[in-house]
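Notes for the one structure printed next.
Numbering (the numbering used here), first residue to last: 4 to 559.
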């Protein structure tokens, strides 16, 4: 089997526009990137939520510890000890600041001394959670106690608001008793930094993205190897096999190793390839048989056609023989008459003196009439023989005169008036005069047959308008040709004559002769008004012929 032409380059085989494997790998990697990115986003978000929840719980515990630690100092109204305890706690790592607000929103204590005695508005970020309604809330939900904001340093801060309730120990104390009707004595605001949690989230995110990127690269590599082995390899084999099949290597087979869909496709290809080879062999066999039969039938048809052409030729010769019988009868009668007269003079011895001169005139008449008979017979023989094309420098007017000599007597008997219009100084052309005469004679005989009650026949020669050849026209005023026959008048076996008077090959032979001379033949006709045939011949034709080529072969 022939080898495949050229293997596809690695650059071209992985183009997205023409590689299923590249598309499949790209699709898998794209889906994988989307899925991994979504999973990473959800994991990071969940991790952040867990860290924030842990930070909230830690902040809540720190706030409760501060509240419980300062309760002792508040019950004893020990402000110095209270401030000292709160300052100590504010210095712990992760603490941003600690503040205490009274009922009026005044900062009673802050780890930042500059804020002490400042009164905050009710719509500030610290107070808004309790003062969303005209009356301040007594019990805060756990969620409303927390807030997130960014400090001036840019770090995120978690603020925890812890109400300071009016406990019975407070309302019953002797030092600074508060009425039991006051439920909230103040607010403890604890602010913790979220920077450690954010750093942990960022580090965890980077690690997760790094691991996922490595995982994606590993999965992409595995997908690529899988596609190369399972998809790309069989597809390449199928494509190469298809190219070989398209190149004419019918019956080419693929080595099948897989049992999946691609393996089934390869088996189907092998079956199709064998079927195509069998069908091609059958078609070639049929074509060979058909070619042999066509050649055989062509030979038989050629033999039949040669026989028919010979019959047509003999029929034409027979018709011409009848014409010549009438044409030769008159000169033979004159020859016989003058011969008897001379014999009579010789027997009487009257061949001297005046009789001698009359005898010489009779001999001249006998010689002239004999020559005339010889010319008629010679023309008949020239018409009847078949010969290859022999180009000669020919005067077309002489060919017309010789044809007229052959048919003049028949035209006189049919009552047909001949009108000759032969161009003067007609240029000579290269042609076979005998075959051109055969064409002219066939056209003239058809014109005579088209005028059974007599008529007019015009023969005309002229130079073509471009001076590249000569024209010869034969026009009659006979019955004409029907349009349905006119379109195929030059086809073999098409005739307008009555049965038995022709087989319809004269015009087909004539067109073949004219075309072999490099010329053209055209016809114009109208029923009841006559027909005109125009033959155009070039001055220098290009004729392709062989020494044994016959005039009557119609195949071109």
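The beta-carbon is built from N, C-alpha and C at its ideal position, and this holds for glycine as well.
So, do the stretch 432-446 and the stretch 533-541 have three or more beta carbon pairs nearer to each other than 8 Å?
-> Segments in contact, yes.
Terminal residues of the continuous alpha helix (DSSP H) containing residue 517?
-> Counting from 1 along the chain shown, the entry for residue 517 is found at position 514. In the DSSP assignment, residue 517 falls within the unbroken alpha helix (DSSP H) covering 509-519.
Around the C-beta of residue 458, are 16 or more other C-beta atoms found within 10 angstroms, so that it is buried, or is it exposed?
-> For this step, residue 458 is matched to residue 455 along the chain shown. Result: buried.
Name, in chain order, the residues that DSSP records as bridge partners for residue 102.
-> Mapped onto the chain shown, residue 102 falls at position 99. Bridge partners of residue 102 according to DSSP: 113, 192.
On the DSSP bridge assignment, give the partners of residue 159 in chain order.
-> Numbered from 1 along the chain shown, position 156 holds the residue referred to as residue 159. 153.
Excluding the 5 residues preceding and the 5 following residue 269 in the sequence, name in chain order all residues of the same chain whose CB lies nearer than 6 Å to its CB.
-> As a working mapping, residue 269 is identified with position 266 in the chain shown. These residues qualify, in order along the chain: 257, 259.
Counting along the chain, where does the beta strand (DSSP E) carrying residue 421 start and finish?
-> One-based indexing of the chain shown puts residue 421 at position 418. Unbroken beta strand (DSSP E) run through residue 421: 419-424.
Per-residue DSSP class, three states only, for residue 449 | What you label residue 449 is simply residue 446 of the chain shown in a count that begins at 1. Under the three-state reduction of DSSP, residue 449 is assigned to helix.
Cβ neighbours of residue 482 in the same chain (closer than 6 Å, five flanking residues each side left out) | If you number the chain shown from 1, residue 482 lands on position 479. Closer than 6 Å at Cβ, skipping near neighbours: 453.
In its own chain, which residues sit with a C-beta less than 6 Å from the C-beta of residue 24, not counting the 5 before and 5 after it?
-> In the chain shown, the residue the question calls residue 24 occupies position 21. For residue 24, where only same-chain residues beyond five positions count, the Cβ hits under 6 Å are 230, 234, 235.
What is the DSSP secondary structure of residue 393, counted as helix, strand or coil?
-> As a working mapping, residue 393 is identified with position 390 in the chain shown. Reduced to three states, the DSSP call for residue 393 is coil.
First through last residue of the alpha helix (DSSP H) which encompasses residue 208 | Looking up residue 208 in the chain shown gives position 205. Residue 208 -> alpha helix (DSSP H) spans 198-230.
Should residue 544 go down as buried or exposed, given a rule of 16 or more other Cβ atoms within 10 Å for buried?
-> As a working mapping, residue 544 is identified with position 541 in the chain shown. Buried: at least 16 other Cβ atoms inside 10 Å.
Thinking just about the alpha-carbon of each residue, which of 107, 109, 62, 108 is nearest to the one in residue 93?
-> In the chain shown, residue 93 corresponds to position 90, counting from 1. Selected option, being the one with the closest Cα: 62.
Can you grab the Cα-Cα spacing for the pair residue 1 / residue 418, in whole Å?
-> The structure shown does not extend to residue 1, since the chain is modelled only from 4 to 559, so the question has no answer here.
Where does residue 436 sit, in a helix, a strand or coil, going by DSSP?
-> In the chain shown, counting from the first residue as 1, residue 436 sits at position 433. Helix, per DSSP.
Nearest-angstrom Cβ-Cβ length linking residue 410 and residue 380, presumed shorter than 8 Å | Taking the chain shown and counting its residues from 1, the one referred to as residue 410 is at position 407. Taking the chain shown and counting its residues from 1, the one referred to as residue 380 is at position 377. About 15 Å; that fails the 8 Å criterion.
Please state if the CB of residue 265 and the CB of residue 255 are separated by a distance shorter than 8 Å.
-> The residue given as residue 255 occupies position 252 in the chain shown. The residue given as residue 265 occupies position 262 in the chain shown. Against a cut-off of 8 Å, the Cβ pair of residue 265 and residue 255 comes out as no contact.
Buried or exposed by the 16-neighbour rule on C-beta atoms within 10 Å, applied to residue 519 = What you label residue 519 is simply residue 516 of the chain shown in a count that begins at 1. Per the 10 Å Cβ criterion, buried.
Sort 189, 311, 290, 195 by Cα distance to residue 153 and report the nearest one.
-> By 1-based counting over the chain shown, the position of residue 153 is 150. Taking the Cα of residue 153 as reference, the smallest distance to any Cα among 189, 311, 290, 195 is reached at 195.
Cβ separation of residue 36 and residue 219, assumed to be a contact under 8 Å, to the nearest whole Å = Taking the chain shown and counting its residues from 1, one reaches residue 36 at position 33. Taking the chain shown and counting its residues from 1, one reaches residue 219 at position 216. Contact holds; Cβ gap of about 6 Å.
Residue 140 by DSSP, collapsed to three states: which one?
-> Reading the chain shown from its first residue, position 137 is the one you call residue 140. Legend: pLDDT at residue 140 = 46, less than 50; position of this residue unreliable, value from coordinates given subsequently. In the displayed model, residue 140 falls within coil according to three-state DSSP, outside both helix and strand.
Hey, how far is the Cα of residue 524 from the Cα of residue 443?
-> The count along the chain shown starts at 1 and reaches residue 524 at position 521. The count along the chain shown starts at 1 and reaches residue 443 at position 440. Computed Cα separation, rounded: 11 Å.
Please name the residue or residues paired with residue 466 in a DSSP beta bridge.
-> Reading the chain shown from its first residue, position 463 is the one you call residue 466. Paired residue(s): 473.
Euclidean distance between Cα positions of residue 109 and residue 151 = Position 106 of the chain shown, counting from 1, holds the residue named residue 109. Position 148 of the chain shown, counting from 1, holds the residue named residue 151. So the two alpha carbons sit approximately 22 Å from each other.
Residue 422: which of 461, 50, 466 sits nearest, CA to CA?
-> Start at 1 with the first residue of the chain shown, and residue 422 comes out as number 419. Nearest C-alpha to residue 422: 461.
Under the assumption that residue 190 contacts residue 164 (Cβ atoms under 8 Å), give the Cβ distance between them as a whole number of angstroms.
-> Residue 190 sits at position 187 when you count from the first residue of the chain shown. Residue 164 sits at position 161 when you count from the first residue of the chain shown. Yes, residue 190 and residue 164 are in contact; Cβ-Cβ is about 6 Å, under 8 Å.
Backbone CA spacing between residue 551 and residue 305 [nearest angstrom] | Reading the chain shown from its first residue, position 548 is the one you call residue 551. Reading the chain shown from its first residue, position 302 is the one you call residue 305. Residue confidence is low: residue 551 scores 40 on pLDDT, short of 50, so the model does not pin down where it sits. No coordinate-derived value is stated.
Any contact of the stretch 359-371 with the stretch 341-349, i.e. 3+ C-beta pairs under 8 Å?
-> Using a Cβ-Cβ distance cut-off of 8 Å, the stretch 359-371 and the stretch 341-349 are in contact, since at least three pairs of beta carbons, one from each stretch, lie closer than that value.
Since residue 534 is in the beta strand (DSSP E), which residue starts that stretch and which ends it?
-> For this step, residue 534 is matched to residue 531 along the chain shown. That run of the beta strand (DSSP E) goes 533-541.
Using three-state DSSP, classify residue 165 as helix, strand or coil.
-> Here residue 165 is taken as the residue at index 162 of the chain shown, counted from 1. If DSSP states are grouped into helix, strand and coil, residue 165 belongs with the strands.
With 16 other Cβ atoms within 10 Å as the buried cut-off, status of residue 413 = Counting from one through the chain shown, the residue named residue 413 turns up at place 410. Counting Cβ neighbours within 10 Å, residue 413 comes out buried, since at least 16 surround it.
CB residue 331 to CB residue 376, shorter than 8 Å?
-> Taking the chain shown and counting its residues from 1, the one referred to as residue 331 is at position 328. Taking the chain shown and counting its residues from 1, the one referred to as residue 376 is at position 373. Yes, they are a contact pair.
In its own chain, which residues sit with a C-beta less than 7 Å from the C-beta of residue 402, not counting the 5 before and 5 after it?
-> Reading the chain shown from its first residue, position 399 is the one you call residue 402. The beta carbon of residue 402 lies closer than 7 Å to those of 436, 439, 440, 443 in the same chain, with the five residues before and after it left out.
Note the first and the last residue of the continuous alpha helix (DSSP H) segment covering residue 107.
-> On the chain shown, position 104 is the one that residue 107 refers to. In this chain, residue 107 is not harboured by any alpha helix (DSSP H), its DSSP state being neither H nor E.
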